[in-house]
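These notes concern the structure reproduced below.
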Amino acid sequence: MAADIVKHDRLVTLAIEIVMAYVTRNHVQATELSGLLRDVHAGLLRLSSGSAEPTEVRRTLTAAEIRRSIRPEGLVSFEDGKAYKTLRRHLTKLGLTPDAYRAKWGLPADYPMTASAYSAQRSQLALDRGLGRSRSLPFGTAEVEADEAVVSGAQMAADMPEQADAPDASDEGITREPFEDDGAAS
Numbered sequence: 001m002a003a004d005i006v007k008h009d010r011l012v013t014l015a016i017e018i019v020m021a022y023v024t025r026n027h028v029q030a031t032e033l034s035g036l037l038r039d040v041h042a043g044l045l046r047l048s049s050g051s052a053e054p055t056e057v058r059r060t061l062t063a064a065e066i067r068r069s070i071r072p073e074g075l076v077s078f079e080d081g082k083a084y085k086t087l088r089r090h091l092t093k094l095g096l097t098p099d100a101y102r103a104k105w106g107l108p109a110d111y112p113m114t115a116s117a118y119s120a121q122r123s124q125l126a127l128d129r130g131l132g133r134s135r136s137l138p139f140g141t142a143e144v145e146a147d148e149a150v151v152s153g154a155q156m157a158a159d160m161p162e163q164a165d166a167p168d169a170s171d172e173g174i175t176r177e178p179f180e181d182d183g184a185a186s
C-alpha cells in the first residue's frame, strides 16, 4: 500500500513537471490548466499500468453523419459539435491539422474545411474588389469594353495618315534655329 502511494506521488510530481514544461513554451488559458494536468496524469497512469491504449475509443462515423456535418452555412465539428464557417482555426486551437482531423474521424480526403456559403461570399468579395483581373485592365472595365478598345485602336491607326511626322501647312510658318550646346551652364 505504501508503494502505491509513493508511485502515485511520483506520477503526480512527474505530471506537474510535464505540464510546467509545456506551459513555459505554449500559451494555455488558466481555466484549461487543471484539465491539462488531469489528462497528463491519466496518461501517465495508463502508461504505468501497462495499457498504452487510451480509455476513450472513437467510433467510426457513418456516411449520413458526415453528410449532415456539411452545411452551406457552416461545418459541424466532430470535436465539440458546434458549427464553424471554417474549421482550420478551430482545429489549430485544438492542436490538430486538417489531415490529422480527417484521419482521427475517418473522414475522406476531400472533406471540406470551409463552408460553401462562406467560400462563395469571399470569392464574390474578391471579384468585387477587382482581384483576379489582369493589371492592364482598369478597375471596373468589362472584357467587352477591352475588346472594343482594341478595335477602336486599330481603327484609329487605319484612319491616321501613313506619315504622321510629315510637316503639314501649320508647320510652314515656324522657323527653327540650330542650337549648339558647349556644355557650360550659364
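Following full-length UniProt numbering, the numbering of the sequence shown begins with 1 at its first residue and continues without gaps. Every residue, glycine too, gets a C-beta built ideally from N, C-alpha and C. Keep in mind that this is a model prediction, so the values were computed, not measured.
Please classify residue i as buried or exposed, where buried requires at least 16 neighbouring CB atoms within 10 angstroms.
i           : result
TYR101      : buried
residue 192 : Since the first and last residues shown for the chain are 1 and 186, residue 192 lies out of range.
residue 187 : As displayed, the chain neither begins before 1 nor continues past 186, which places residue 187 out of reach and without an answer.
Please name the residue in the options whose C-alpha comes closest to that of residue i.
i      : options                          : result
GLN29  : LYS93, HIS8 and TYR118           : LYS93
TYR111 : ALA63, LEU125, LEU131 and ARG135 : ALA63
TRP105 : LEU131, SER69 and ALA120         : SER69
LEU61  : ARG122, GLN121 and ALA103        : ALA103
VAL40  : TYR22, ASP128 and GLU177         : TYR22
MET113 : SER123, ARG129 and THR86         : THR86
ARG46  : ALA15, ARG122, PRO98 and THR24   : ALA15
VAL12  : THR24, ASN26, SER48 and THR31    : SER48
LYS7   : MET20, HIS27, THR31 and LEU44    : LEU44
ALA42  : SER123, ILE18 and GLY95          : ILE18
TYR84  : SER119, GLY95, THR24 and LEU125  : SER119
Leaving aside the five residues before and after residue i along the sequence, list all residues of the same chain whose C-beta is less than 8 Å from its C-beta, in chain order.
i      : result
ILE66  : LEU107, PRO108 and TYR111
PRO72  : ALA115, SER116 and ALA117
ALA126 : GLY132
Can you name, in chain order, every residue of its own chain whose Cβ lies under 7 Å from the Cβ of residue i, other than the five neighbours on each side?
i      : result
THR175 : none
ASP9   : none
Can you find the residues in the same chain that come closer than 6 Å, C-beta to C-beta, to residue i, ignoring five residues on each side of it along the sequence?
i     : result
LYS82 : none
### Task
Decide if the region 27–35 is in contact with the region 71–82; the criterion is three or more beta carbon pairs, one per stretch, under 8 Å apart.
By the criterion of at least three beta-carbon pairs nearer than 8 Å, the region 27–35 is not in contact with the region 71–82.
### Query
Mind pulling the alpha helix (DSSP H) runs of 4 or more residues that sit fully within the region 39–86?
63–69
### Task
Enumerate, from N- to C-terminal direction, the unbroken alpha helix (DSSP H) stretches of 4 or more residues contained entirely within the region 97–125.
98–105
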